[in-house]
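J.: Before I ask anything, let me first share the structure, which is written out below as structure tokens.
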DNA sequence: AAAAACATCAACCGCGCAATT
DNA sequence: AAATTGCGCGGTTGATGTTTT
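In the working numbering, the protein residues as written are 59 to 308.
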């Protein structure tokens, strides 16, 4: 499998293998001489501590809306391939993403009494949560653009969100992060848990007409959308429960 | 104020693959 | 070619912090 190959980034390409040189032995020997064998930790534990905590540029906490959106999207393609997903979120570890998924997304599925992998819940994420997140991201971008340098960024967001008609085009909003999505969306090798004809089209039309139409309906009854800084509010959960109940009737 | 319940997140575990002996 | 060792992954646990009763 690709598992162990997945870490084939530049840094790891330069890893030295094979017999140790005298110089390497010397470096290791000097290091241990200075610092001692010290830690009563396994190599595995040290590695984990370094990767998830001590490594420079590692980011923890406050997962942004853009990151949440990206996680949901990439998870819909790759499932629980946490390390692969993490490659697309600079500074985030697979562990952190996994935790986010379990503590936030799985929790919400439970509240909605859905299986997290059920079509019902995946569709809810896809056609309700993700468009909502996108709206919020756009709203943030436009509100922050009134000051300083946000102007160009906002223009990009809006033009991308409205111009793209290809599947997942809506996702190509943030030049820094979300461009990852569009490139991976074009990757023919990327398996998707969803059928390939579906799309994130918010405006109706396209190949996912039934869900797009539903989304428009949801949008109407949802009024101005989800408020607050957290999308996973009680209010929103109630809304979704209602939504799913209605959906069951049809 | 204390206890219970819940949420979060760092760390551990076992497995499978790859590299090495 | 077989056995051993090392590594990275995903699943899970448990300690700690926070909220609710």
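Glycine residues also receive a C-beta, built at the ideal position from the N, C-alpha and C atoms.
1. Give me, in chain order, the residues of the same chain whose beta-carbon lies closer than 8 Å to that of residue 326; leave out the 5 immediate sequence neighbours on both sides.
2. Give me the residue from 122, 165 and 87 with the minimum Cα distance to residue 149.
3. Taking all protein chains shown into account, do 16 or more other C-beta atoms lie within 10 angstroms of the C-beta of residue 192, making it buried, or fewer, making it exposed?
4. Provide the residue span of the alpha helix (DSSP H) that contains residue 127, from first to last.
5. Taking just the CA atoms, how far does residue 190 sit from residue 160?
6. For residue 144, I'd like the list of residues in its chain whose CB is within less than 7 Å of its CB, leaving aside the five on either flank, ordered along the chain.
7. To the nearest angstrom, how far is it from the Cα of residue 168 to the Cα of residue 177?
8. Give me the Cβ distance between residue 147 and residue 195, rounded to the nearest whole Å; I'm assuming they're in contact under 8 Å.
9. To the nearest angstrom, report how far apart residue 171 and residue 181 are at their CA atoms.
10. Would you call residue 87 buried or exposed, if buried means 16 or more other Cβ atoms sit within 10 Å of its Cβ?
11. Restricting to Cα atoms, I'd like to know which of 129, 136 and 124 is closest to residue 199.
12. According to DSSP, simplified to helix, strand and coil, what is residue 151?
T.: Answer, in terms of the structure:
1. Summary: the structure shown does not reach residue 326, with the chain confined to residues 59 through 308, and so no result is reported for it.
2. By one-based count along the first chain, residue 149 stands at place 91. It is 122.
3. The residue given as residue 192 occupies position 134 in the first chain. Counting other Cβ atoms within 10 Å of its Cβ, residue 192 reaches 16 or more and is therefore classed as buried.
4. Taking the first residue of the first chain as position 1, residue 127 is located at position 69. Residues 123-136.
5. The residue you call residue 160 lines up with position 102 of the first chain. The residue you call residue 190 lines up with position 132 of the first chain. Linking residue 160 to residue 190 through their CA atoms gives a straight-line distance of about 20 Å.
6. Walking along the first chain from the start, residue 144 turns up at place 86. Within the same chain, residue 144 has close Cβ partners 150, 151, 152 and 155.
7. The residue labelled residue 168 in the question sits at position 110 within the first chain. The residue labelled residue 177 in the question sits at position 119 within the first chain. Looking at the two C-alpha atoms, the distance is approximately 14 Å.
8. For this step, residue 147 is matched to residue 89 along the first chain. For this step, residue 195 is matched to residue 137 along the first chain. Contact flag wrong, Cβ pair sits at about 15 Å.
9. Here the question's residue 171 lines up with position 113 in the first chain. Here the question's residue 181 lines up with position 123 in the first chain. Distance between the alpha carbons of residue 171 and residue 181 is about 14 Å.
10. Indexing the first chain from 1 puts residue 87 at position 29. Taking all protein chains shown into account, residue 87 has fewer than 16 neighbouring C-beta atoms within 10 Å of its C-beta and is therefore exposed.
11. For the purposes of this step, residue 199 is taken as the residue at position 141 of the first chain. Selected option, being the one with the closest Cα: 124.
12. Within the first chain, residue 151 is the residue found at index 93, counting from 1. In the three-state DSSP reduction, residue 151 falls in the coil class, being neither helix nor strand.
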